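Asker: Take a look at this one; I'll ask things after.
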Amino acid sequence: MKVFLIRHAETIHNVGQAWAGSTDSPLTSHGILQIERLAQYFASTRTRFSHVFSSDLHRAVATAEGINTTNTTELRLTALLQEQQFGSREGTVFRRSRRNNEEKEEDAVFVPAETELAMRDRANAFLNDYFLPAVFEADSTSQAIAIVAHGIILRVLWECLTRLFSPGAVQFSPTGGGGGALTPFWSNTGFMEVSIEPDAALLDNPTSSISLLSDFVLSGWSMTVLSIDSKPHLADLRRTRGGIGSMQHDTSQKRIDSFFRPRS
Numbered sequence: 001m002k003v004f005l006i007r008h009a010e011t012i013h014n015v016g017q018a019w020a021g022s023t024d025s026p027l028t029s030h031g032i033l034q035i036e037r038l039a040q041y042f043a044s045t046r047t048r049f050s051h052v053f054s055s056d057l058h059r060a061v062a063t064a065e066g067i068n069t070t071n072t073t074e075l076r077l078t079a080l081l082q083e084q085q086f087g088s089r090e091g092t093v094f095r096r097s098r099r100n101n102e103e104k105e106e107d108a109v110f111v112p113a114e115t116e117l118a119m120r121d122r123a124n125a126f127l128n129d130y131f132l133p134a135v136f137e138a139d140s141t142s143q144a145i146a147i148v149a150h151g152i153i154l155r156v157l158w159e160c161l162t163r164l165f166s167p168g169a170v171q172f173s174p175t176g177g178g179g180g181a182l183t184p185f186w187s188n189t190g191f192m193e194v195s196i197e198p199d200a201a202l203l204d205n206p207t208s209s210i211s212l213l214s215d216f217v218l219s220g221w222s223m224t225v226l227s228i229d230s231k232p233h234l235a236d237l238r239r240t241r242g243g244i245g246s247m248q249h250d251t252s253q254k255r256i257d258s259f260f261r262p263r264s
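127 is the number that the UniProt record's numbering gives to position 127 of the sequence shown; each next residue is one higher, with no gaps.
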């Protein structure tokens with residue numbers, strides 16, 4: 001079974017180097033092209049998703065919709081995959097955040113950012129409620145699963161995912177990068193591709209039920225990292241000149257899903 005952990009397409013907050021956690025930042029025109037290229041890539045590799053899970057924030061939903069147009073799979077949205085909530089930093093520019101935070105910490109209404117522990121709780125809840133049921137379905141070895149989310153929560157999700165396997169069961173292909181400790185990074189529409197397979201003994205006696213999430217719940221399974229921040233679909237993509245590519249996409253001109261319909 002293949003699993004793709006995908007970051008959303010470019011937004012105006014990405015271009016402006018501003019914090020956008022729970023903020024619903026609009027896509028740029030360049031971001032729309034990124035989604036189109038990603039959809040074309042999956043079509044060219046004949047990757048058909050049996051499950052597509054996505055954060056419910058627009059930038060992730062639009063990306064997930066784009067890669068799911070050739071599938072009959074229902075898109076499943078969940079707030080569990082939202083980006084880290086940055087509190088009072090939401091919407092502020094990176095280089096100004098420290099100064100702004102120093103000022104706001106003196107203010108009674110200062111809101112701290114979501115903690116790492118809170119993000120892990122969300123990631124584990126997603127794995128237990130959405131991901132593991134998909135893994136344990138019949139014929140899961142032939143499936144492809146897409147998870148579309150955001151840079152920081154994807155990193156946390158990856159760390160939680162690795163803890164489901166027995167020690168030594170997570171490996172890296174020669175081209176997969178990493179080895180030992182790994183803190184992956186995602187570019188806009190970049191993806192991590194992994195292969196998850198049960199041991200031969202499990203194929204003869206498949207799991208029929210899922211208990212509450214615990215360490216090594218995928219004991220007897222192995223995971224191989226095939227690629228990290230893979231971007232073959234962006235190899236020759238250039239940003240439109242004159243600042244147009246970095247502008248907010250005008251959704252009134254064309255429906256978002258019309259960009260990704262197969263051309264006749």
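We put the beta carbon where it would ideally sit given N, CA and C, even for glycine. These numbers were taken from a predicted model, which means no experiment stands behind them.
For Q85, I'd like the list of residues in its chain whose CB is within less than 6 Å of its CB, leaving aside the five on either flank, ordered along the chain.
Answerer: The residue you call residue 85 lines up with position 85 of the sequence shown. G21, S22, E114, listed in sequence order.
Asker: Quick one, are the C-beta atoms of A235 and A149 less than 8 Å apart?
Answerer: Within the sequence shown, numbered from 1, the residue matching residue 235 stands at position 235. Within the sequence shown, numbered from 1, the residue matching residue 149 stands at position 149. In this structure, A149 does not lie closer than 8 Å to A235 by Cβ.
Asker: Measure the alpha-carbon distance for L212 versus D24 and round it to whole angstroms.
Answerer: Within the sequence shown, residue 212 is the residue found at index 212, counting from 1. Within the sequence shown, residue 24 is the residue found at index 24, counting from 1. Because L212 carries a pLDDT of 45, less than 50, the predicted location of this residue cannot be relied on, and no value is offered for it.
Asker: Which class does V15 belong to by DSSP, given the choice of helix, strand or coil?
Answerer: In the sequence shown, residue 15 corresponds to position 15, counting from 1. Correct three-state label for V15: helix.
Asker: Please report how far the alpha carbon of A43 lies from the alpha carbon of F110, in whole angstroms.
Answerer: Residue mapping note: residue 43 aligns to position 43 of the sequence shown, counting from 1. Residue mapping note: residue 110 aligns to position 110 of the sequence shown, counting from 1. The alpha-carbon atoms of A43 and F110 are separated by roughly 46 Å.
Asker: Alpha carbon to alpha carbon, how far is V93 from Q40? Give it in angstroms, no decimals.
Answerer: As a position in the sequence shown, residue 40 is number 40, starting the count at 1. As a position in the sequence shown, residue 93 is number 93, starting the count at 1. In a straight line, the C-alpha of Q40 is about 33 Å away from that of V93.
Asker: Please state if the CB of Q34 and the CB of T189 are separated by a distance shorter than 8 Å.
Answerer: Looking up residue 189 in the sequence shown gives position 189. Looking up residue 34 in the sequence shown gives position 34. Yes, the pair counts as a contact, with Cβ atoms nearer than the cut-off.
Asker: Does the beta-carbon of S88 have 16 or more other beta-carbons within 10 angstroms, so that it is buried, or is it exposed?
Answerer: In the sequence shown, counting from the first residue as 1, residue 88 sits at position 88. Classification of S88: buried, given that the 10 Å Cβ count is 16 or more.
Asker: With distance defined between alpha-carbon atoms, name the residue in L164, C160, G151, F165 nearest to T11.
Answerer: The count along the sequence shown starts at 1 and reaches residue 11 at position 11. Out of L164, C160, G151, F165, G151 has the C-alpha closest to the C-alpha of T11.
Asker: Return yes when the Cβ of L161 is within less than 8 Å of the Cβ of S195, no when it is not.
Answerer: Taking the sequence shown and counting its residues from 1, one reaches residue 195 at position 195. Taking the sequence shown and counting its residues from 1, one reaches residue 161 at position 161. No. Outside cutoff.
Asker: Taking the CB atoms as reference points, tell me whether M192 and W158 lie closer together than 8 Å.
Answerer: Within the sequence shown, the letter at position 192 stands for residue 192. Within the sequence shown, the letter at position 158 stands for residue 158. Their beta carbons are under 8 Å apart, which means M192 touches W158 by this criterion.
Asker: When you compare only the Cα positions, how much space is there between V15 and G220?
Answerer: Locating residue 15 in the sequence shown gives position 15, counting from the first residue. Locating residue 220 in the sequence shown gives position 220, counting from the first residue. Rounded to the nearest angstrom, the two C-alpha atoms are 43 Å apart.
Asker: So, helix, strand or coil for S54, using DSSP?
Answerer: Here residue 54 is taken as the residue at index 54 of the sequence shown, counted from 1. Strand at S54.
Asker: When DSSP labels each residue in this structure, what does T23 get in the three-state scheme?
Answerer: Within the sequence shown, residue 23 is the residue found at index 23, counting from 1. The answer is coil: DSSP assigns T23 none of H, G, I, E or B.
Asker: Since T63 and H13 should fall inside the 8 Å C-beta cutoff, what is the C-beta to C-beta distance between them, to a whole number of angstroms?
Answerer: In the sequence shown, the residue the question calls residue 63 occupies position 63. In the sequence shown, the residue the question calls residue 13 occupies position 13. Going by Cβ atoms, the distance from T63 to H13 rounds to 15 Å, so no, they are not a contact pair.
Asker: With a CB to CB cut of under 7 Å and the five nearest residues on each side skipped, what residues in its chain are close to A125?
Answerer: Position 125 of the sequence shown, counted from the first residue, corresponds to residue 125. Here the set comprises L80.
Asker: Take R48 and list the residues in its own chain whose beta-carbon comes closer than 7 Å to its own, dropping the five residues that flank it on each side.
Answerer: For the purposes of this step, residue 48 is taken as residue 48 along the sequence shown, with counting starting at 1. Same-chain partners within the cutoff: N71, A144.
Asker: Quick one: using the 10 Å Cβ neighbour count with 16 as the cut-off for buried, is P198 buried or exposed?
Answerer: By 1-based counting over the sequence shown, the position of residue 198 is 198. Buried: at least 16 other Cβ atoms inside 10 Å.
Asker: Measuring alpha carbon to alpha carbon, tell me which residue in E36, F53, S142 is nearest T73.
Answerer: As a first step, residue 73 is located in the sequence shown; it is residue number 73 there, counting from the start. It is F53.
Asker: Skipping 5 residues on each side, what residues in its chain have a beta carbon closer than 6 Å to that of V217?
Answerer: Here residue 217 corresponds to residue number 217 of the sequence shown, with the count starting at 1. Result list for V217: L164, in chain order.
Asker: Going by CA-CA distance only, name the one from G168, E90, D229 that's closest to L154.
Answerer: Counting from one through the sequence shown, the residue named residue 154 turns up at place 154. The residue with the shortest Cα to Cα distance from L154 is D229.
Asker: What's the gap between the Cα of S222 and the Cα of V170?
Answerer: To locate residue 222, count along the sequence shown from 1; it is residue 222. To locate residue 170, count along the sequence shown from 1; it is residue 170. Answer to the nearest angstrom: the Cα atoms are 6 Å apart.
Asker: What separation, rounded to the nearest whole angstrom, lies between the Cα atoms of H233 and K2?
Answerer: Along the sequence shown, read from residue 1 onward, the residue named residue 233 stands at position 233. Along the sequence shown, read from residue 1 onward, the residue named residue 2 stands at position 2. Going from the Cα of H233 to the Cα of K2 covers about 18 Å.
Asker: Secondary structure at D121, three-state DSSP: helix, strand or coil?
Answerer: The residue labelled residue 121 in the question sits at position 121 within the sequence shown. DSSP places D121 in helix when its eight states are reduced to three.
Asker: With a CB to CB cut of under 7 Å and the five nearest residues on each side skipped, what residues in its chain are close to E137?
Answerer: For the purposes of this step, residue 137 is taken as the residue at position 137 of the sequence shown. Excluding residues within five positions, none has a Cβ falling inside 7 Å.
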